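A.B. asks: Can you keep this structure in mind? I'll have questions shortly.
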Amino acid sequence: MPKQTQNPCLGPTPFERSGKPGTITPRESPEAWANIARRSSSSPLGAPWSCNPSPASPPESARAVARLQRDRRKAPWHNGYLKLGSLLAFTLLWAVITHNTHPTTQISSPLLQGLGDRRMLAAYDGWSGLEGTPIPGEQREVAAVRSGDEWHDTSGNVIQAHGGSMLEHEGVFYWYGEKKDGLTYNTTTNGWQRVDVLGISCYSSSDLVSWKSEGLALKPNDHPDLAAERVAERPRVLYNKATKLFVMWLHIDDQDYKVAAAGVAVSDQPQGPFSYRGSFRPHGNEELRDFTLFKDEDEKAYLAYSSEGNKVLHLGPLAPDYLTPLPPYQRLFPGQAREAPAIFKSGDLYLMFTSGCTFWEPNPAEVFCASDLAGPWLSLGNPCMGNPEERRKTFRSQDTHVVPLLGKPDTFLLMADRWNHRNLGDSRYIWLPMSVRDRRNGTAAETPSWAEKVGSVLGIVPRPSVDVVVRWEDAWQPLQYYALSTAEGDNPRTAALPMALQQKREDQPSQEALLSRHSEPDEMSSVM
1 MPKQTQNPCL GPTPFERSGK PGTITPRESP EAWANIARRS SSSPLGAPWS
51 CNPSPASPPE SARAVARLQR DRRKAPWHNG YLKLGSLLAF TLLWAVITHN
101 THPTTQISSP LLQGLGDRRM LAAYDGWSGL EGTPIPGEQR EVAAVRSGDE
151 WHDTSGNVIQ AHGGSMLEHE GVFYWYGEKK DGLTYNTTTN GWQRVDVLGI
201 SCYSSSDLVS WKSEGLALKP NDHPDLAAER VAERPRVLYN KATKLFVMWL
251 HIDDQDYKVA AAGVAVSDQP QGPFSYRGSF RPHGNEELRD FTLFKDEDEK
301 AYLAYSSEGN KVLHLGPLAP DYLTPLPPYQ RLFPGQAREA PAIFKSGDLY
351 LMFTSGCTFW EPNPAEVFCA SDLAGPWLSL GNPCMGNPEE RRKTFRSQDT
401 HVVPLLGKPD TFLLMADRWN HRNLGDSRYI WLPMSVRDRR NGTAAETPSW
451 AEKVGSVLGI VPRPSVDVVV RWEDAWQPLQ YYALSTAEGD NPRTAALPMA
501 LQQKREDQPS QEALLSRHSE PDEMSSVM
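With UniProt numbering applied, the sequence shown corresponds to residues 1 to 528, in that order.
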């Protein structure tokens, strides 16, 4: 039997707390008193305790016992506060590390999104959905998309199509954007840089690489909205099958960005000229700044725009002629300050690529998804894969539009601008392949990730089982996605490709041919 030692807490025990002496006399067994002593000594309110031989009167002893009992009762609460504070600090630290949060994100969201990104990389190696498309560095003589370079049209002139969008019509792609090769004003005033309204450019291509200038689709004219001192930004064009008209929408503003209106123009040809019909504020005088148009498979069109001081996105339908918005509209992501919306569809899933609001400076992207345009919309976090700088600044660019690449239903072209606020005409184009992986049907035969399990334990809505990946590529060919093999002959999306694209795809060299050309002294092809 082990030898028992004298309990130092037995008998009247003198002590000192906050400079006041006292004694405690145990009223329970020595073991119970020792437990009380140990617990109280670890209490954040009771420590430290130190013995003091000074005598204490019975009333002081009673008060000391009462204080000890009170501290014992409160200790679990204070320990809980400490644990909650530690969890909060860890979550915020994780958000900073992963660059995957914004001031109004739910506190659990950055943690789950960050873990989800790492799950995605582990599951797909970050890029397996885009095999065979990047071009090795030695093959840079091949005509390809090279983000960040100065791009030229087929006549050798610098392409001016900033803040642009794209329309595919009868096998030809039309790229619309702002002409900005004039003087940049207010170069030292953050956020207020601008150029005179010089018109909306149009370029055409059958391969998304070589672009022919079609001139100005919308020219500056005597209308006050298109005067030199105004702002005309982010053109979007839809084709209306019912009216057989091409409809262009613009963000119209003044130099202080206080007008915040939508401008509309129409044409019977994709390259223009477009006839300007005027401007208005949608949905009963709501501000419209960065915006996008989206046409669904049923030919219904929708308008999404940044409003309410850029704090809220609005989303609502357009009239059948695409010329005016219809009620009602939704208020999305209130307080999150998202702009530059770009809506696209993968299967039956709607996705929205967005940017933060930091003037011309880049910031972290965030993608949202929904099974219906009416919502609810859930965040998928930051889709950019790369080093912290690339993730935090979206490859030093801001998104502007997303183009489906029909050869692979889960792959898209992300169009973005790398703004140069000191010389807006020298802003560069960032075009990257983007992959969408929808795991909702369980085709990967995977078990729930540990990040999702953590979310379930904490009572948090799990991160949607959809992954969106964007990663930098120095050079790549969009037509590599228009795969026209025998095995794909029954694919309705592939079979429906226009003959112009099929012929262009057949003319493209195979991947093996690309790999064998690095030692040949061929002259450089027409490139951007």
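Glycine included, every Cβ here is placed at the ideal spot set by N, Cα and C.
Remember, it's a predicted structure, so these values are computed and weren't measured experimentally.
Might you give, ordered along the chain, the residues of its own chain that have their beta carbon closer than 7 angstroms to the beta carbon of P328, omitting 5 neighbours on each side?
C.D. replies: To locate residue 328, count along the sequence shown from 1; it is residue 328. So the qualifying residues of the chain are G316.
A.B. asks: Just to confirm my understanding: we take residue 531, look at its own chain, exclude 5 residues before and 5 after, and list those with CB closer than 6 angstroms. What are they?
C.D. replies: In the structure as shown, the chain starts at 1 and stops at 528, and residue 531 therefore has no counterpart that could be examined.
A.B. asks: Go ahead and pull the three-state DSSP assignment for H421.
C.D. replies: Here residue 421 refers to the residue found at position 421 of the sequence shown. Note: H421 maps to coil in three-state DSSP.
A.B. asks: Using the rule of at least 16 other Cβ atoms within 10 Å of the residue's Cβ for burial, across every protein chain shown, is G356 buried or exposed?
C.D. replies: Mapped onto the sequence shown, residue 356 falls at position 356. Buried, by the Cβ-count rule.
A.B. asks: Which whole-angstrom value describes the C-beta separation of L406 and F412, a residue pair presumed to lie in contact below a C-beta threshold of 8 angstroms?
C.D. replies: For the purposes of this step, residue 406 is taken as residue 406 along the sequence shown, with counting starting at 1. For the purposes of this step, residue 412 is taken as residue 412 along the sequence shown, with counting starting at 1. With 8 angstroms as the limit, L406 and F412 do not qualify as a contact, their Cβ atoms being about 10 angstroms apart.
A.B. asks: Of the residues A340, V264, P376 and R146, which one's Cα is nearest the Cα of T292?
C.D. replies: Here residue 292 refers to the residue found at position 292 when the sequence shown is read from its first residue. If we check each option's Cα against that of T292, A340 comes out closest.
A.B. asks: Can you list, in chain order, the residues of its chain with a C-beta nearer than 6 angstroms to that of K393? Leave out the 5 residues immediately preceding and following it.
C.D. replies: For the purposes of this step, residue 393 is taken as the residue at position 393 of the sequence shown. Correct list, in chain order: P362.
A.B. asks: Measure the alpha-carbon distance for R236 versus L87 and round it to whole angstroms.
C.D. replies: Locating residue 236 in the sequence shown gives position 236, counting from the first residue. Locating residue 87 in the sequence shown gives position 87, counting from the first residue. Each residue's alpha carbon lies about 45 angstroms from the other.
A.B. asks: Write down every uninterrupted run of the beta strand (DSSP E) in the stretch 159-240 whose length is 3 residues or greater and which is fully enclosed by it, in chain order.
C.D. replies: Whole beta strand (DSSP E) segments, 3+ residues: 162-169, 172-178, 200-205, 212-218 and 231-240.
A.B. asks: The alpha helix (DSSP H) with G284 in it runs from where to where?
C.D. replies: Translated into positions along the sequence shown, residue 284 becomes position 284. Its alpha helix (DSSP H) spans residues P282 to N285.
A.B. asks: Tell me which same chain residues have a C-beta within less than 7 angstroms of the C-beta of E299, skipping the five on either side of it?
C.D. replies: Here residue 299 refers to the residue found at position 299 when the sequence shown is read from its first residue. Excluding positions up to five away in sequence, the list reads K241.
A.B. asks: Just the Cα atoms here: how many angstroms apart are K212 and Q398?
C.D. replies: Reading the sequence shown from its first residue, position 212 is the one you call residue 212. Reading the sequence shown from its first residue, position 398 is the one you call residue 398. Approximately 24 angstroms, taken between the alpha carbons.
A.B. asks: For the alpha helix (DSSP H) containing P388, list its first residue and its last residue.
C.D. replies: What you label residue 388 is simply residue 388 of the sequence shown in a count that begins at 1. Taken as a continuous stretch (DSSP letters only), the alpha helix (DSSP H) holding P388 covers P388 to K393.
A.B. asks: Does L313 come out as helix, strand or coil in the three-state DSSP assignment?
C.D. replies: For the purposes of this step, residue 313 is taken as residue 313 along the sequence shown, with counting starting at 1. Strand.
A.B. asks: Is A144 closer than 7 angstroms to A475 when the C-beta atoms are compared?
C.D. replies: If you number the sequence shown from 1, residue 475 lands on position 475. If you number the sequence shown from 1, residue 144 lands on position 144. Cβ atoms of A475 and A144: closer than 7 angstroms.
A.B. asks: Kindly indicate which residue of T189, E214 and S267 has the alpha-carbon position closest to the one of D256.
C.D. replies: Translated into the one-based positions of the sequence shown, residue 256 becomes position 256. Closest option to D256, Cα to Cα, is T189.
A.B. asks: Measuring only the C-alpha atoms, how far is L218 from A304?
C.D. replies: One-based indexing of the sequence shown puts residue 218 at position 218. One-based indexing of the sequence shown puts residue 304 at position 304. Taking the straight line from one Cα to the other gives about 22 angstroms.
A.B. asks: Let me know the beta strand (DSSP E) ranges lying completely inside the stretch 302-359, each 3 residues or longer, listed in chain order.
C.D. replies: For the stretch 302-359, whole beta strand (DSSP E) runs of length 3 or above, ordered along the chain, are 312-317, 330-332, 338-346 and 349-356.
A.B. asks: Taking the straight line between their C-alpha atoms, what separation do you get for R391 and T243?
C.D. replies: Here residue 391 corresponds to residue number 391 of the sequence shown, with the count starting at 1. Here residue 243 corresponds to residue number 243 of the sequence shown, with the count starting at 1. Going from the Cα of R391 to the Cα of T243 covers about 43 angstroms.
A.B. asks: Quick one: any contact between the stretch 422-432 and the stretch 158-167, if contact means 3 or more CB pairs under 8 angstroms?
C.D. replies: Touching, per the Cβ criterion.
A.B. asks: Would you identify the three-state DSSP class for D256, choosing helix, strand or coil?
C.D. replies: As a working mapping, residue 256 is identified with position 256 in the sequence shown. Reduced to three states, the DSSP call for D256 is coil.
A.B. asks: Determine the extent of the beta strand (DSSP E) in which T400 is found, giving its start and end residues.
C.D. replies: Within the sequence shown, numbered from 1, the residue matching residue 400 stands at position 400. Residues Q398 to P404.
A.B. asks: Which partner residues does L245 have in the DSSP bridge list?
C.D. replies: Your numbering for residue 245 matches position 245 in the sequence shown. L245 is bridged to N240.
A.B. asks: For A342 and F90, what's the separation of their Cα atoms in angstroms?
C.D. replies: As a working mapping, residue 342 is identified with position 342 in the sequence shown. As a working mapping, residue 90 is identified with position 90 in the sequence shown. If you take the alpha carbons of A342 and F90, they lie about 33 angstroms apart.
A.B. asks: Can you look up P433 in the DSSP assignment and give me helix, strand or coil?
C.D. replies: Reading the sequence shown from its first residue, position 433 is the one you call residue 433. Looking at P433 - three-state DSSP - the assignment turns out to be strand.
A.B. asks: Which same chain residues, not among the five before or five after Y203, have their C-beta less than 7 angstroms away from its C-beta?
C.D. replies: Counted from its first residue, the sequence shown places residue 203 at position 203. Contacts found: D153, I159, A161, W175, W211, K212, S213 and E214.
A.B. asks: Name the residue from H169, L226 and F173 whose alpha carbon lies nearest to the alpha carbon of V195.
C.D. replies: As a working note, residue 195 is residue 195 in the sequence shown. For the residues H169, L226 and F173, the minimum Cα distance to V195 belongs to L226.
A.B. asks: Are the beta-carbon atoms of T358 and R338 separated by less than 7 angstroms?
C.D. replies: To locate residue 358, count along the sequence shown from 1; it is residue 358. To locate residue 338, count along the sequence shown from 1; it is residue 338. Contact flag unset, no.
A.B. asks: Does the distance from the CB of H251 to the CB of E233 come in under 7 angstroms?
C.D. replies: Within the sequence shown, the letter at position 251 stands for residue 251. Within the sequence shown, the letter at position 233 stands for residue 233. Yes; because the gap between Cβ atoms is below 7 angstroms, this pair is in contact.
A.B. asks: What distance in whole Å lies between the Cβ atoms of P464 and C369, which are believed to be in contact at a cut-off of 8 angstroms?
C.D. replies: Translated into positions along the sequence shown, residue 369 becomes position 369. Translated into positions along the sequence shown, residue 464 becomes position 464. Contact holds; Cβ gap of about 6 angstroms.
A.B. asks: Could you spell out where the beta strand (DSSP E) holding D467 opens and where it closes?
C.D. replies: Residue mapping note: residue 467 aligns to position 467 of the sequence shown, counting from 1. Taken as a continuous stretch (DSSP letters only), the beta strand (DSSP E) holding D467 covers V466 to R471.
A.B. asks: Would you identify the three-state DSSP class for G278, choosing helix, strand or coil?
C.D. replies: Here residue 278 is taken as the residue at index 278 of the sequence shown, counted from 1. Correct three-state label for G278: strand.
A.B. asks: For V264, which of L238, V403 and R277 has the nearest alpha-carbon?
C.D. replies: Numbered from its first residue, the sequence shown carries residue 264 at position 264. Checked all of L238, V403 and R277; the closest Cα to V264 is R277.
A.B. asks: What do you get for R146, buried or exposed, if any count of 16 or more other CB atoms within 10 angstroms of its CB means buried?
C.D. replies: Residue 146 sits at position 146 when you count from the first residue of the sequence shown. Burial call: buried.
A.B. asks: Starting from the C-beta of R155, find all residues in its chain whose C-beta is less than 7 angstroms away, skip the five residues before and the five after it, and write them out in chain order.
C.D. replies: Locating residue 155 in the sequence shown gives position 155, where the first residue counts as 1. The sequence shown places Ser at residue 155, not Arg. The residues are S213.
A.B. asks: Which residues in the same chain have their Cβ closer than 8 angstroms to the Cβ of Q289, if we skip the five residues on either side of it in sequence?
C.D. replies: As a position in the sequence shown, residue 289 is number 289, starting the count at 1. Reading off the sequence shown, one finds Arg at residue 289, where the question assumed Gln. Counting only Cβ-Cβ distances below 8 angstroms, and skipping sequence neighbours, we find H251, D253, Y257, A260, Y305, S306, S307, N310 and E339.
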